[in-house]
Structure formats: C-alpha cells, structure tokens
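> Submitted below is the structure of interest, expressed as structure tokens.
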Amino acid sequence: MIGGIYALMAVGLTMIFGILNVVNFAHGELYMLGAYATLLLVTVVKLPVAVAIIGAVAISAVFGLLIERAIFRPIRLAPPLNAIIASMGLSYLLSDSARIAFTPVPQMMPAAISGVLNVGGVLVSYQRILVLVVAMVLIAALTLFVRYSWIGIAMRCVAQDMVAARLMGISLNRVAATTMAISAGLAAAAGGLIGPLFVVEPNMGVSLLLKAFAVVILGGVGNVAGAIAAGLLLGVTESLAAGFIATGLKDLVAFVILILVLVVRPTGLLGRTSLND
Amino acid sequence: MTNRIMLALAAGVALIPLVITSPYSLHMGILALIAVGLASALNLIAGYAGQVSFATGAFYGIGAYTAAILATRAGLELWVTLPAAVVFTGLIGLLLGIPCLRLRGHYLAIATIGFQEGTVIILLQWVDFTRGPMGITGIPKPSLPWIAFESLTANYYVAFVLVAVIVLIVIRLVASGLGLQMMAVRENETAARSVGVNTTYVKLAAFTISAAMCGALGAFYASYIGSIDPSVFGIMLSATALVMVLAGGWGTLFGPIIGGVVLTFLPEWLRVLQDYRMSLYGAILILIILFMPQGVLGVLSRLSLTLGRKEPVEGKVERNVA
Numbered sequence: 028m029i030g031g032i033y034a035l036m037a038v039g040l041t042m043i044f045g046i047l048n049v050v051n052f053a054h055g056e057l058y059m060l061g062a063y064a065t066l067l068l069v070t071v072v073k074l075p076v077a078v079a080i081i082g083a084v085a086i087s088a089v090f091g092l093l094i095e096r097a098i099f100r101p102i103r104l105a106p107p108l109n110a111i112i113a114s115m116g117l118s119y120l121l122s123d124s125a126r127i128a129f130t131p132v133p134q135m136m137p138a139a140i141s142g143v144l145n146v147g148g149v150l151v152s153y154q155r156i157l158v159l160v161v162a163m164v165l166i167a168a169l170t171l172f173v174r175y176s177w178i179g180i181a182m183r184c185v186a187q188d189m190v191a192a193r194l195m196g197i198s199l200n201r202v203a204a205t206t207m208a209i210s211a212g213l214a215a216a217a218g219g220l221i222g223p224l225f226v227v228e229p230n231m232g233v234s235l236l237l238k239a240f241a242v243v244i245l246g247g248v249g250n251v252a253g254a255i256a257a258g259l260l261l262g263v264t265e266s267l268a269a270g271f272i273a274t275g276l277k278d279l280v281a282f283v284i285l286i287l288v289l290v291v292r293p294t295g296l297l298g299r300t301s302l303n304d
Numbered sequence: 017m018t019n020r021i022m023l024a025l026a027a028g029v030a031l032i033p034l035v036i037t038s039p040y041s042l043h044m045g046i047l048a049l050i051a052v053g054l055a056s057a058l059n060l061i062a063g064y065a066g067q068v069s070f071a072t073g074a075f076y077g078i079g080a081y082t083a084a085i086l087a088t089r090a091g092l093e094l095w096v097t098l099p100a101a102v103v104f105t106g107l108i109g110l111l112l113g114i115p116c117l118r119l120r121g122h123y124l125a126i127a128t129i130g131f132q133e134g135t136v137i138i139l140l141q142w143v144d145f146t147r148g149p150m151g152i153t154g155i156p157k158p159s160l161p162w163i164a165f166e167s168l169t170a171n172y173y174v175a176f177v178l179v180a181v182i183v184l185i186v187i188r189l190v191a192s193g194l195g196l197q198m199m200a201v202r203e204n205e206t207a208a209r210s211v212g213v214n215t216t217y218v219k220l221a222a223f224t225i226s227a228a229m230c231g232a233l234g235a236f237y238a239s240y241i242g243s244i245d246p247s248v249f250g251i252m253l254s255a256t257a258l259v260m261v262l263a264g265g266w267g268t269l270f271g272p273i274i275g276g277v278v279l280t281f282l283p284e285w286l287r288v289l290q291d292y293r294m295s296l297y298g299a300i301l302i303l304i305i306l307f308m309p310q311g312v313l314g315v316l317s318r319l320s321l322t323l324g325r326k327e328p329v330e331g332k333v334e335r336n337v338a
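So the sequences go chain by chain: A and B. In my numbering, each residue carries its 1-based index in the first sequence increased by 27. In my numbering, each residue carries its 1-based index in the second sequence increased by 16.
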C-alpha cells in the first residue's frame, strides 16, 4: 500500500516537473507538513481524522501558492539548477523549522479506521486499504480535472509549449499557482494518510522524496498515469526485494531502477507525452 | 592578473598556521581547504562542462573508503592509498559518466542523485566490507616513506598541497584545449559537436577527472580524521558542494574558493544562533538564488561594470571566451 503513497507523491512532483519544469526538493517537506497539520488538527482541534486530512490539504495548498509566488515565480526563467538549489534551501528551512516547532521526537497518529481484513489468510489493515482507495480517488479526480476543466486544459498547453501558451492568452502565473497548489495538496494528503501507518517526524520526507523522483522518472516525466503505475510497481518490488533478498536492500531498489531507466529508456515506461493526450 | 592573485592567495593561505595556532582554527582551516578542493573539482564538471552532478559526496566517500580499507586491512600508508583512491574513484567516475552522457539538465541531476544515494546505501549495507553504519576506525595519519604528519599544522600543509595541486590542475585544464571544449559543450552541445568537438570524450574526461579529485580529497580526509562512517558522504555534502560553487560563481576559478571557505565557516558563525542554524542556512540559500544567482563574483563583476572599471572580474572574461 506504500505504492499508493509513492503514486500520490510522484503525481504531485511529476506535475510541476512536467508543466513548470521545476524539480521541487521541498516536496518531501510538504508531505511532512501535511502529516503534522493532520496530527495537530486531530489532537489539538479534535477534528475527525477525515476532516483533518482535508484541512491539511487545504492548508498545504495555500502554502503551495505562497511558495510559488515567493520562490519559484521570480526564478522561472533562470537555469533549472537555481530552482533545485532554492527548493533545497526551502527543504532545510521547513524540516528544521518543524524540528524546532514540533521537536524531533517521532509522534503517533490515530488511525482513521481500525480493524483488519482477512483475505485468504493474508491480513491487511483497513487503514492500508483506505490509503490505496483515497490515493486512487484523488488521482482519478485530478485526471478528470486536468482533462476537462479550463485551467486543466491551460496546464496541458503550458506543458506542451510555454511560449505558445502565453501567446494564446493563458496566464502562466495562474497555471503555475494552480499546479503548485494541487501538487502541495497531494503531498499533504499523502502525509495525512501515511501518518497512522508510520510515525510522524521532521525528517520523514527526505527518503520518500528521492524515491518519488525514481517513480517520476520510471513513469515518464509529466506522465500522471505513468507515475501511478510506477508508484505501485515500486511499492510491490520493494516488498518483494525485502521479502526475498534482504530487508536492507529494499531501499536500494528505487535507485537501481532509476539509473537503469535513465540509461535504457529515459522517457520512462509510458513515455513523456501522455499528459497531453 | 589571475595568476598573480592566485599566487598571493596561496602564499597567504600557506602562512596562516604561522599566525593562527589554535587547534580548532587549524581544524576548520583543513576542512575549508577540503571544501575548496571539492568545490573546485565540482566546478570543473558543473561550472565549466555544464554537467550538474550531485555525486560529489559519493566520490569523496568512495575515495575515503578505498583509502581506509587499504590502510586498515593491508596496512598501506597514505602515499600509496591516495593514488589508489584516485585511480579507483576515477574509474567509478568514468563508469558513471558513460550512462550519464545521454542525460541533460534535470535528468542528469536526478541520475547522479540516484548514484549518490545508492552509494550511501551500499556503504551502509555491505557490512562485511565497509563495517556499515559503525564505520572504519583507526586509520593512520598521513605519511610519506620517511616522515609521518602527526601534528595539525603538518596535516594543514598536506591538505594545502593537495588542494593547491587540484586548483592548479583546474587552472591548467581550463586554459587548455580540453577546457575550451568543455565550455563549448556547456554553452551548446549540438553546436560544439558540429564544429568537431568530441563531446563524448570531453564529458567522460570531465567526469573522470572531477571524480578522481574528489577521491583524492576523500583519501586525505579519511587519513586525517582517522575514522569514517557513511553519514558524512550523503547527499547533504553533494548539495553543499553545489551551493559552494553557486554562491561563489559558476565557471570561475575563484568562485569555488570563495564559496568553499564561506560555506565552511558560515554554519560555524551561525552556531551562536544555536537551534535556528539549519533554518537560517536554508533561508540564506533561497536568498542567494533569488538575489544573487551569479554568485559573489557575479555581483562583483556587475558592480565593476556599473562603476565603469576597465578590467572586468575574471568570470566575465571566461563567459566571453566560451
């Protein structure tokens, strides 16, 4: 079910990568903040978990807007490395701020639903199933949004050709802001959903982010369907590697896949163009 | 002009231990020298050849582990282990360069991140060989057949010589035909190829040389510190090295030197702020990107142009050459 989380993270990353050509190293921190926001809304404001996750997504989306306005917009025309370094700075800033605000102690989050489903002898907790279902619903909603809404069509135009899109009267700023908000919202949803399965801590985003990059590349940059398939594939492969080879080598899988894909098929499993279908 | 400043700078750096003798300052000086070396090596590939690499930490680590394992298992000394580390990391750099030849921009960055992370995971997991998270301890201090460098001052001079050689190689290389070809690849790969630059060879050479330099620094570091573990050689180090180059100024000879020194001491200066150190560091990175993306030297050269000085700062000249 970790595959669902990989998919959620990767879809957000692949969108800003494909549409805005920005590699956001702070994406893992948005996920971490989403988890903390959910946790605080549940424990302090006493909201039900489902409402708390929606609240966290909203907070994170607004935060995404702010980041786009303050950091990514001014350097849109600069070389790609500038955005990488700026987002790394943001990543340090956010994870360290979280450490100061919430202490480095890992925290537990209550599960949205408890109980275990028995499928032919294999036990699966409802929370894990919920993660997968919600991830799929969110991604389906996003796909419809990108395909049919006005701003979704504008996003695909920008992904195809930024200059031509502007000539057609599309506001690049609006598209960039919306993309960033959606991307941040998805990361927060992933954080809120994963909270009860693992612990919530300031550094939780770092290793996940690098795997999400592997998923983005494996699925093909800017390719939402590819990101989903690759996310689920990586989740399964990791579990198999942990079960059949060695637990410690689980984390190596993503990076081996990453380099292999880049060498053999740099466009990813499904190619780059699917966002524009 | 450049050479004279470089010489004066080298003389100044060489004299530092005569003035400053506190162990802490000397230790920081050695770390700053290593940082300058790493940033210069990275600058060769990222600044001059235009191939952004996040693998600095991995090569540094591979060099350190090569030297540490040879020293503790085979009892070899630094003057043997350092060349071995140079050859081995150079080879690994060549091997990484081959798949990375086809990649550009973001893709290259992500591929090198994959290599960086993969290296750390292997260092952590291959416990029989690398002792995993426990690291390797008891690595002997740097030495030559007839002399051992035990004191901090001696180690400072070893680092100084090593880094001076690296910077010198970078200076010579940049002025050579290969250096011009690197810059041609950076500016426009297709155009470079169309005028007969063997881009495959140029990129592989840049990858190999840069990796070998990081390996040499790693070998010295392992020997100087005496004990190493994988946590040092992570992506944080690679990112910091990139920031050093960026903050100083891409594709300039002095940029990595300024960046390496400033960014080694910056976290120390920020230490007074205790808990807010990393947050501030992150904020400073963002501010550098937003307000001085050309680095310190870029700001200086713009200033010098507006003030109407005749001689632009060196970074500007190199851009024109390219």
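C-beta atoms are modelled at their ideal positions from N, C-alpha and C, and glycine is treated no differently.
Just to confirm the assignment, what range does the alpha helix (DSSP H) spanning residue 283 of chain A have?
Segment 277-291, the alpha helix (DSSP H) holding residue 283 of chain A.
> Helix or strand or just coil, what does DSSP make of residue 105 of chain A?
Residue 105 of chain A falls in the coil class under three-state DSSP.
> Would you say the segment 84-101 of chain A touches the segment 260-279 of chain A, given that touching needs at least three Cβ pairs under 8 angstroms?
Flag = no, the segment 84-101 of chain A and the segment 260-279 of chain A do not touch.
> Specify the secondary structure class of residue 202 of chain A as computed by DSSP and reduced to three states.
Residue 202 of chain A falls in the helix class under three-state DSSP.
> Any beta carbon from chain B within less than 8 angstroms of residue 116 of chain A's own beta carbon?
Interface residue, yes.
> Could you have a look at residue 36 of chain B and say whether DSSP puts it in helix, strand or coil?
Here residue 36 of chain B sits in coil by DSSP.
> List the residues of chain B whose Cβ lies closer than 8 angstroms to the Cβ of residue 43 of chain A, in chain order.
Within chain B, no residue comes near residue 43 of chain A; the closest Cβ sits about 11 angstroms away, beyond 8 angstroms.
> Nearest CA to the CA of residue 271 of chain B: which residue from B:317, B:230, B:189?
Nearest of B:317, B:230, B:189 to residue 271 of chain B, Cα basis: B:317.
> Going along the chain, which residues of its own chain have a beta-carbon closer than 8 angstroms to the beta-carbon of residue 259 of chain B, five neighbours each way excluded?
Within the same chain, residue 259 of chain B has close Cβ partners 275, 279, 301, 304.
> Just the Cα atoms here: how many angstroms apart are residue 107 of chain A and residue 49 of chain A?
One C-alpha to the other measures close to 7 angstroms.
> Between the beta-carbon of residue 105 of chain A and the beta-carbon of residue 309 of chain B, is there less than 8 angstroms?
In contact: residue 105 of chain A and residue 309 of chain B (Cβ atoms closer than 8 angstroms).
> Got a sec: is the Cβ-Cβ distance from residue 127 of chain B to anything in chain A below 8 angstroms?
Taking Cβ atoms only, chain A reaches closer than 8 angstroms to residue 127 of chain B, which makes this a yes.
> Between residue 80 of chain A and residue 219 of chain A, which are expected to be in contact by the criterion C-beta below 8 angstroms, what is the C-beta distance as a whole number of angstroms?
The Cβ separation is near 4 angstroms, so the contact holds.
> Identify every run of the alpha helix (DSSP H) within the segment 223-303 of chain B, keeping only runs that are complete inside it and at least 4 residues long; order them along the chain.
As far as the segment 223-303 of chain B is concerned, its whole alpha helix (DSSP H) runs of at least 4 residues are 251-264, 271-285.
> Going by DSSP, name the residue or residues bridged to residue 164 of chain B.
Note: residue 164 of chain B sits in a beta bridge opposite B:159.
> Take the Cβ of residue 327 of chain B as the centre, count every other Cβ of all protein chains shown within 10 Å, and call the residue buried at 16 or more, exposed below.
Summary for residue 327 of chain B: the model assigns pLDDT 48, below 50, so the residue's position carries little reliability, and this model does not support an answer.
> Taking 8 angstroms as the threshold (beta carbon to beta carbon), is residue 50 of chain A in contact with chain B?
Closer than 8 angstroms to some Cβ of chain B, the Cβ of residue 50 of chain A qualifies, so yes.
> Taking 8 angstroms as the cut-off, decide whether the C-beta atoms of residue 210 of chain A and residue 30 of chain A are in contact.
Contact: no.
> For residue 105 of chain A, go through chain B and note every residue whose CB falls closer than 9 angstroms to its CB, in chain order.
Correct list: 305, 309.
> Put residue 138 of chain B into one of helix, strand or coil per three-state DSSP.
Here residue 138 of chain B sits in helix by DSSP.
> So for residue 227 of chain A, helix, strand or coil by DSSP?
Correct three-state label for residue 227 of chain A: strand.
> DSSP three-state call for residue 154 of chain A: helix, strand or coil?
Three-state DSSP puts residue 154 of chain A in a helix.
> Residues in the same chain with beta-carbon distance under 6 angstroms from residue 245 of chain B, minus the five sequence neighbours each way, listed in chain order, please.
Closer than 6 angstroms at Cβ, skipping near neighbours: 151.
> Does residue 176 of chain B have its Cβ less than 8 angstroms from a Cβ in chain A?
It does not; no Cβ of chain A falls within 8 angstroms.
> In chain order, what residues of the same chain lie with their CB nearer than 8 angstroms to the CB of residue 315 of chain B, ignoring the 5 residues before and after it?
Answer for residue 315 of chain B: 308, listed in chain order.
> Helix, strand or coil, according to DSSP, for residue 197 of chain A in the structure here?
Residue 197 of chain A: coil per DSSP, three-state reduction.
> Give me the chain B residues within the contact set of residue 113 of chain A, using Cβ-Cβ distance strictly less than 8 angstroms, ordered along the chain.
Within 8 angstroms Cβ-Cβ: 301, 302, 305, 306.
> When you compare the CB of residue 109 of chain A with every CB in chain B, is at least one pair closer than 8 angstroms?
True, the Cβ-Cβ gap to chain B drops below 8 angstroms.
> Which stretch, first to last residue, makes up the alpha helix (DSSP H) that contains residue 197 of chain B?
Here the alpha helix (DSSP H) through residue 197 of chain B covers 193-203.
> If you compare alpha carbons, which of B:248, B:39, B:219, B:283 is closest to residue 166 of chain B?
Among B:248, B:39, B:219, B:283, the Cα nearest to that of residue 166 of chain B is on B:39.
> Apart from the five residues just before and just after residue 300 of chain A, which ones in its own chain have a Cβ nearer than 6 angstroms to its Cβ?
Residue placement at residue 300 of chain A cannot be trusted, given a pLDDT of 47 that sits under 50; the coordinates are not used to answer.
> Is residue 204 of chain A close to chain B? Criterion is C-beta to C-beta, closer than 8 angstroms.
Chain B, which has no Cβ nearer than 8 angstroms to the Cβ of residue 204 of chain A, makes this no.
> Is it right to say residue 95 of chain B is buried, meaning 16 or more other beta carbons lie within 10 angstroms of its own, or is it exposed?
Label assigned to residue 95 of chain B: exposed.
> When we look at the beta-carbon of residue 144 of chain B and count the other beta-carbons within 10 Å, is it buried (16 or more) or exposed?
With fewer than 16 other Cβ atoms within 10 Å, it is exposed.
> Quick check: is the beta carbon of residue 241 of chain A nearer than 8 angstroms to any beta carbon in chain B?
Answer yes: the Cβ-Cβ gap between residue 241 of chain A and chain B drops below 8 angstroms somewhere.
> Taking Cβ to Cβ, would you say residue 57 of chain A is nearer than 8 angstroms to residue 215 of chain A?
Yes, the Cβ-Cβ distance between residue 57 of chain A and residue 215 of chain A is below 8 angstroms.
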